[in-house]
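Peer 1: Line by line, the protein sequences give chains A and B.
Taken in order, the first sequence gives residues 1 to 291; the numbers are from our numbering.
Taken in order, the second sequence gives residues 292 to 598; the numbers are from our numbering.
Yeah, the Cβ is synthetic: ideal placement off N, Cα and C, and Gly gets one too.
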Amino acid sequence: MNFYLFLDLVVAGLVTGGLYAVVALGLNLQYGLMRIMNIAHGEFLMLGAYFTYTLVKVTGASPLWFIPPMMVVLFLLGLLLHRLVFRRLAATSPNAEAMEARSLIVGFGLMFIAQNVAQLIWGGGMSGQPYLDEPVKFGEVTVAANRLLVLVVVAAASLALVLVLKKTLLGKAVRGMLQAPLGAMLVGIDTRKLHPACFGLGLALAGLAGGLLSMVYELTPAMGEPYTISALIVITLGGLGNIPGAIAGAVLLGLVETFGMYLTSPSLKTLISYGVLVGVLLLRPKGLFAR
Amino acid sequence: MNATTLIVFVAGVLLGAIPAFEAPFVQSLALTCLMYAGLAVSWSMFSGPTRYLSLATSAFFGLGAYCTAWGLGKLPWPAVVMLGGVAAMVFAFLIGLVTLKLRGAYFAVITYGLGELVKHTITHIEKTYFRTVGRVLTETPSSTTVYWTVLAIAALAVWTYVAFGRSRWGHALRGIGMDEERTATLGVNPMRVKLVGFCLSSWFAGALGAAMAVRWTYIDPHTVFNPFIVFQTVLISMVGGPLSVAGPLVGAVGFSLLSEWLRLSLPYLYMIILGVLLIASVLYLPDGIAGYDWKKLWRRRKPEEKP
Numbered sequence: 001m002n003f004y005l006f007l008d009l010v011v012a013g014l015v016t017g018g019l020y021a022v023v024a025l026g027l028n029l030q031y032g033l034m035r036i037m038n039i040a041h042g043e044f045l046m047l048g049a050y051f052t053y054t055l056v057k058v059t060g061a062s063p064l065w066f067i068p069p070m071m072v073v074l075f076l077l078g079l080l081l082h083r084l085v086f087r088r089l090a091a092t093s094p095n096a097e098a099m100e101a102r103s104l105i106v107g108f109g110l111m112f113i114a115q116n117v118a119q120l121i122w123g124g125g126m127s128g129q130p131y132l133d134e135p136v137k138f139g140e141v142t143v144a145a146n147r148l149l150v151l152v153v154v155a156a157a158s159l160a161l162v163l164v165l166k167k168t169l170l171g172k173a174v175r176g177m178l179q180a181p182l183g184a185m186l187v188g189i190d191t192r193k194l195h196p197a198c199f200g201l202g203l204a205l206a207g208l209a210g211g212l213l214s215m216v217y218e219l220t221p222a223m224g225e226p227y228t229i230s231a232l233i234v235i236t237l238g239g240l241g242n243i244p245g246a247i248a249g250a251v252l253l254g255l256v257e258t259f260g261m262y263l264t265s266p267s268l269k270t271l272i273s274y275g276v277l278v279g280v281l282l283l284r285p286k287g288l289f290a291r
Numbered sequence: 292m293n294a295t296t297l298i299v300f301v302a303g304v305l306l307g308a309i310p311a312f313e314a315p316f317v318q319s320l321a322l323t324c325l326m327y328a329g330l331a332v333s334w335s336m337f338s339g340p341t342r343y344l345s346l347a348t349s350a351f352f353g354l355g356a357y358c359t360a361w362g363l364g365k366l367p368w369p370a371v372v373m374l375g376g377v378a379a380m381v382f383a384f385l386i387g388l389v390t391l392k393l394r395g396a397y398f399a400v401i402t403y404g405l406g407e408l409v410k411h412t413i414t415h416i417e418k419t420y421f422r423t424v425g426r427v428l429t430e431t432p433s434s435t436t437v438y439w440t441v442l443a444i445a446a447l448a449v450w451t452y453v454a455f456g457r458s459r460w461g462h463a464l465r466g467i468g469m470d471e472e473r474t475a476t477l478g479v480n481p482m483r484v485k486l487v488g489f490c491l492s493s494w495f496a497g498a499l500g501a502a503m504a505v506r507w508t509y510i511d512p513h514t515v516f517n518p519f520i521v522f523q524t525v526l527i528s529m530v531g532g533p534l535s536v537a538g539p540l541v542g543a544v545g546f547s548l549l550s551e552w553l554r555l556s557l558p559y560l561y562m563i564i565l566g567v568l569l570i571a572s573v574l575y576l577p578d579g580i581a582g583y584d585w586k587k588l589w590r591r592r593k594p595e596e597k598p
């Protein structure tokens with residue numbers, strides 16, 4: 001393997017890892033804060049991709065214009081879902097374990113609904129809307145401009161989220177809820193407002209990843225599933241509720257997948273991801289960075 | 292012979308007479324009901340009392356089906372079905388050794404992940420060593436033989452659910468579901484009990500996979516390791532209520548009839564309705580139809596009737 005090929009693979013791995021990070025951060029917030037094991041998380045990525053795709057197709061404008069409003073729509077959808085389903089679920093579940101199991105089943109239900117609604121509206125698979133697909137050269141390394149754009153946007157989004165969590169009072173409240181749910185309530189953090197907001201934020205982040213993907217890859221109603229699994233692996237790698245850990249885990253998984261696929265065969269991608277998941281759960285069930 | 296054995300035996304004989312009427316549609320519908328009843332009852336056998344949400348059923352089912360694909364024609368039919376169950380049991384034992392230490396959503400996710408891992412591994416093996424993506428099953432037994440086989444497995448599952456639930460093992464499993472540490476201090480070895488329960492329940496899913504494989508004539512990993520199998524099984528058990536044997540049975544019959552009615556006419560809408568049902572049942576019937584206190588409705592109405 002020469003040096004340039006190595007760099008190519010690193011860039012590809014970083015793009016994949018960055019997308020995983022954005023999807024996993026949302027799921028990590030939902031799981032870490034509310035014990036919602038949202039197996040339908042990737043479905044919101046799919047919805048974000050289809051929304052963006054449709055708007056671009058209708059108006060012919062750049063997809064970047066539509067990503068922010070689409071994220072707002074998904075955020076509101078998240079508030080609605082939390083109000084209709086997860087609030088009642090949290091109120092009626094006797095303990096965290098029951099909440100996890102029951103939210104997992106609800107997630108499967110949401111997955112059926114979202115995938116088949118998409119199938120009814122948009123039909124089966126269709127090619128994405130290529131945007132900015134001309135190559136950009138850095139010396140000997142060539143990267144498609146849209147992948148570079150994806151990398152920049154996801155890095156900015158992850159960084160922004162980390163900064164908000166670290167530097168602002170709101171972020172402090174969220175971190176407090178992650179560390180001690182009961183303690184957070186006792187010191188006056190309004191969990192009834194922040195929980196739905198964090199749930200919606202998770203959906204909006206998944207939608208962001210979907211909007212970016214619609215410029216690069218093919219769209220299918222089932223396109224979200226692999227991202228849900230990757231996000232679960234990332235959360236397991238990084239540790240529950242650990243935001244920097246999740247970002248590190250996402251980049252690691254992206255690189256492992258890209259290099260693994262290059263060294264073996266692309267058909268083994270899923271095998272590699274599940275292999276990593278099973279390995280980590282068995283060897284370090286509390287995450288790679290657990291103390 | 293106790294009451295349960297008698298009821299299962301009588302019901303089995305009555306259902307076993309269906310092929311005599313030579314009504315292919317009724318027989319095929321009954322076969323679907325029996326398959327789901329068997330899967331849901333065997334799933335509830337372990338996951339009901341322990342509250343471990345196992346998503347490995349698709350893997351057991353698929354392994355059983357592949358035993359049929361490899362063994363049909365070389366071995367007699369009963370041996371093929373037995374082998375399918377045993378293969379699932381061996382797999383359950385191996386994954387149980389490591390996964391049964393985990394709890395909650397982790398267990399669910401890893402059993403799902405391991406199932407997908409098996410699916411992709413078998414796809415890879417078939418592609419690399421046998422140069423094929425699927426297999427055509429020839430020399431299949433008659434549909435009546437398949438029906439009786441599935442009936443026998445389902446009846447055995449119901450009988451085992453009741454007998455196992457009443458045994459010391461069943462009590463220990465329920466204890467683990469309520470409080471594992473307390474059960475351990477009472478002298479139960481939780482790991483051993485969980486392993487036995489998990490393996491026992493896996494046999495039925497594997498045997499059903501082996502028996503049902505011949506219905507497809509062409510099988511590939513994506514059909515027989517379909518995650519939809521486990522979703523349906525969990526849905527039936529949860530909607531019906533996994534804590535009594537009546538729950539999964541009621542769920543299986545209702546579900547098979549509903550899906551037969553909707554699937555042909557409105558395939559996508561069918562899945563959407565399924566999703567809504569799943570969510571509604573989790574929200575409003577957390578213990579399932581059989582676990583709901585139906586008398587409560589009666590009691591609440593009574594005071595209103597008074598003047």
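1. Where does residue 82 of chain A land, buried or exposed, given buried means 16+ other C-beta within 10 angstroms?
2. Could you check whether residue 446 of chain B and residue 303 of chain B sit closer than 7 angstroms to each other, using their CB atoms as the reference points?
3. Given that a residue counts as buried once 16 or more other Cβ atoms are within 10 Å of its Cβ, and exposed if not, what is residue 298 of chain B?
4. Please list the residues of the region 568-582 of chain B that have a C-beta atom closer than 8 angstroms to any C-beta atom in chain A, keeping them in chain order.
5. My output table needs one value for residue 583 of chain B: the three-state DSSP class, helix, strand or coil.
6. What's the gap between the Cα of residue 186 of chain A and the Cα of residue 461 of chain B?
7. Is there at least one Cβ from chain B nearer than 7 angstroms to residue 304 of chain A's Cβ?
8. Bridge partners of residue 602 of chain B, per DSSP?
9. Using a Cβ-Cβ cutoff of 8 angstroms, what residues of the region 447-470 of chain B are near chain A? List them in chain order.
10. With a cut-off of 7 angstroms, does the C-beta of residue 105 of chain A fall near any C-beta of chain B?
11. Could you work out which residue in A:209, A:151, A:10 is closest to residue 22 of chain A when comparing CA atoms only?
12. Excluding the 5 residues preceding and the 5 following residue 616 of chain B in the sequence, name in chain order all residues of the same chain whose CB lies nearer than 8 angstroms to its CB.
13. Is residue 286 of chain A helix, strand or coil by DSSP?
14. Which residues in chain A sit within 8 angstroms of residue 394 of chain B, going by Cβ to Cβ distance?
15. On the three-pair Cβ rule with 8 angstroms, is the region 415-430 of chain B touching the region 358-366 of chain B?
16. Looking only at C-alpha atoms, which of A:106, A:101, A:197 sits nearest to residue 399 of chain B?
17. At a Cβ threshold of 7 angstroms, is residue 52 of chain A touching chain B?
18. Can you tell me whether DSSP reads residue 454 of chain B as helix, strand or coil?
19. Along the chain, which unbroken stretches of the beta strand (DSSP E) at least 3 residues long are found entirely within the region 367-427 of chain B?
20. When Cβ atoms are compared, which residues of the region 411-442 of chain B fall closer than 9 angstroms to chain A?
21. Output the distance between the C-alpha atoms of residue 93 of chain A and residue 418 of chain B, rounded to the nearest integer angstrom.
22. Counting contacts by CB-CB distance shorter than 7 angstroms, is residue 274 of chain A in contact with chain B?
23. Would you say residue 9 of chain A and residue 258 of chain A are within 7 angstroms of each other, going by their C-beta atoms?
24. Quick check: the region 517-526 of chain B against the region 439-457 of chain B, are at least 3 beta-carbon pairs closer than 8 angstroms?
25. Indicate whether residue 122 of chain A and residue 50 of chain A have their beta-carbon atoms separated by less than 7 angstroms.
26. Please determine, among A:24, A:16, A:2, the residue with the shortest C-alpha to C-alpha distance to residue 242 of chain A.
27. Can you list, in chain order, the residues of its chain whose CB lies under 7 angstroms from that of residue 444 of chain B, leaving out five sequence neighbours each side?
28. Taking one C-beta from the region 201-220 of chain A and one from the region 257-274 of chain A each time, how about it: are there three or more such pairs within less than 8 angstroms?
29. Looking at the unbroken alpha helix (DSSP H) that takes in residue 571 of chain B, where does it start and where does it end?
30. Quick check on residue 134 of chain A: buried or exposed, where buried means 16 or more other Cβ atoms within 10 Å of its Cβ?
31. Quick check: residue 484 of chain B and residue 463 of chain B, are their CB atoms within less than 7 angstroms of each other?
32. Would you say residue 559 of chain B reaches chain A, if we count a Cβ-Cβ gap shorter than 7 angstroms as a contact?
33. Taking the alpha-carbon positions, what's the residue 597 of chain B to residue 585 of chain B distance?
34. Considering only C-alpha positions, which residue in the set B:573, B:557, B:492 is nearest to residue 383 of chain B?
35. From the beta carbon of residue 597 of chain B, is the nearest beta carbon of chain A less than 7 angstroms away?
36. For residue 347 of chain B, which three-state DSSP category applies?
Peer 2: For this structure:
1. Counting from one through the first sequence, the residue named residue 82 of chain A turns up at place 82. When all chains shown are included, residue 82 of chain A counts as buried.
2. Counting from 1 along the second sequence, the entry for residue 303 of chain B is found at position 12. Counting from 1 along the second sequence, the entry for residue 446 of chain B is found at position 155. For residue 303 of chain B and residue 446 of chain B, yes; Cβs fall inside 7 angstroms.
3. Reading the second sequence from its first residue, position 7 is the one you call residue 298 of chain B. Burial call: exposed.
4. 568, 569, 570, 573, 574, 577
5. For the purposes of this step, residue 583 of chain B is taken as the residue at position 292 of the second sequence. In the structure shown, residue 583 of chain B sits in coil (DSSP, three-state: anything other than H, G, I, E or B).
6. In the first sequence, the residue the question calls residue 186 of chain A occupies position 186. In the second sequence, the residue the question calls residue 461 of chain B occupies position 170. C-alpha separation (whole angstroms): 42 angstroms.
7. Absent from the structure is residue 304 of chain A, since the part of chain A shown begins at 1 and ends at 291.
8. Nothing in the structure corresponds to residue 602 of chain B, since chain B is present only between 292 and 598.
9. none
10. The residue you call residue 105 of chain A lines up with position 105 of the first sequence. Cβ-Cβ to chain B under 7 angstroms: yes for residue 105 of chain A.
11. One-based indexing of the first sequence puts residue 22 of chain A at position 22. Taking only the C-alpha atoms, the option nearest residue 22 of chain A is A:209.
12. In this structure chain B extends from 292 to 598, so residue 616 of chain B is not present and cannot be described.
13. Within the first sequence, numbered from 1, the residue matching residue 286 of chain A stands at position 286. In the structure shown, residue 286 of chain A sits in coil (DSSP, three-state: anything other than H, G, I, E or B).
14. By 1-based counting over the second sequence, the position of residue 394 of chain B is 103. Neighbours of residue 394 of chain B on chain A, chain order: 97.
15. yes
16. Numbered from its first residue, the second sequence carries residue 399 of chain B at position 108. It is A:101.
17. Here residue 52 of chain A corresponds to residue number 52 of the first sequence, with the count starting at 1. No, its Cβ sits nowhere closer than 7 angstroms to a Cβ of chain B.
18. The residue given as residue 454 of chain B occupies position 163 in the second sequence. Helix at residue 454 of chain B.
19. none
20. 411, 412, 414, 415, 418
21. As a position in the first sequence, residue 93 of chain A is number 93, starting the count at 1. As a position in the second sequence, residue 418 of chain B is number 127, starting the count at 1. Taking the straight line from one Cα to the other gives about 46 angstroms.
22. As a first step, residue 274 of chain A must be located in the first sequence, where it is residue number 274. With 7 angstroms as the cut-off, residue 274 of chain A counts as an interface residue toward chain B.
23. What you label residue 9 of chain A is simply residue 9 of the first sequence in a count that begins at 1. What you label residue 258 of chain A is simply residue 258 of the first sequence in a count that begins at 1. Yes, Cβ-Cβ distance for residue 9 of chain A and residue 258 of chain A is below 7 angstroms.
24. no
25. Stepping through the first sequence from its first residue, residue 122 of chain A is reached at position 122. Stepping through the first sequence from its first residue, residue 50 of chain A is reached at position 50. In this structure, residue 50 of chain A lies closer than 7 angstroms to residue 122 of chain A by Cβ.
26. Stepping through the first sequence from its first residue, residue 242 of chain A is reached at position 242. The option with the nearest alpha carbon to residue 242 of chain A is A:24.
27. The residue labelled residue 444 of chain B in the question sits at position 153 within the second sequence. So the qualifying residues of the chain are 329, 495, 498, 499, 502.
28. no
29. Locating residue 571 of chain B in the second sequence gives position 280, where the first residue counts as 1. 558-575 is the extent of the alpha helix (DSSP H) around residue 571 of chain B.
30. In the first sequence, residue 134 of chain A corresponds to position 134, counting from 1. So residue 134 of chain A counts as exposed.
31. If you number the second sequence from 1, residue 484 of chain B lands on position 193. If you number the second sequence from 1, residue 463 of chain B lands on position 172. Cβ atoms of residue 484 of chain B and residue 463 of chain B: closer than 7 angstroms.
32. Mapped onto the second sequence, residue 559 of chain B falls at position 268. It does: the Cβ of residue 559 of chain B has a partner Cβ on chain A nearer than 7 angstroms.
33. Looking up residue 597 of chain B in the second sequence gives position 306. Looking up residue 585 of chain B in the second sequence gives position 294. Its pLDDT being 47, under 50, residue 597 of chain B is placed unreliably in this model, and the value from its coordinates should be taken loosely. About 21 angstroms.
34. Counting from one through the second sequence, the residue named residue 383 of chain B turns up at place 92. Nearest of B:573, B:557, B:492 to residue 383 of chain B, Cα basis: B:492.
35. Mapped onto the second sequence, residue 597 of chain B falls at position 306. Here the model assigns residue 597 of chain B a pLDDT of 47, short of 50, so the residue's position is not dependable, and the following value carries that caveat. False, the Cβ-Cβ gap to chain A never drops below 7 angstroms.
36. Stepping through the second sequence from its first residue, residue 347 of chain B is reached at position 56. Coil at residue 347 of chain B, not helix or strand.
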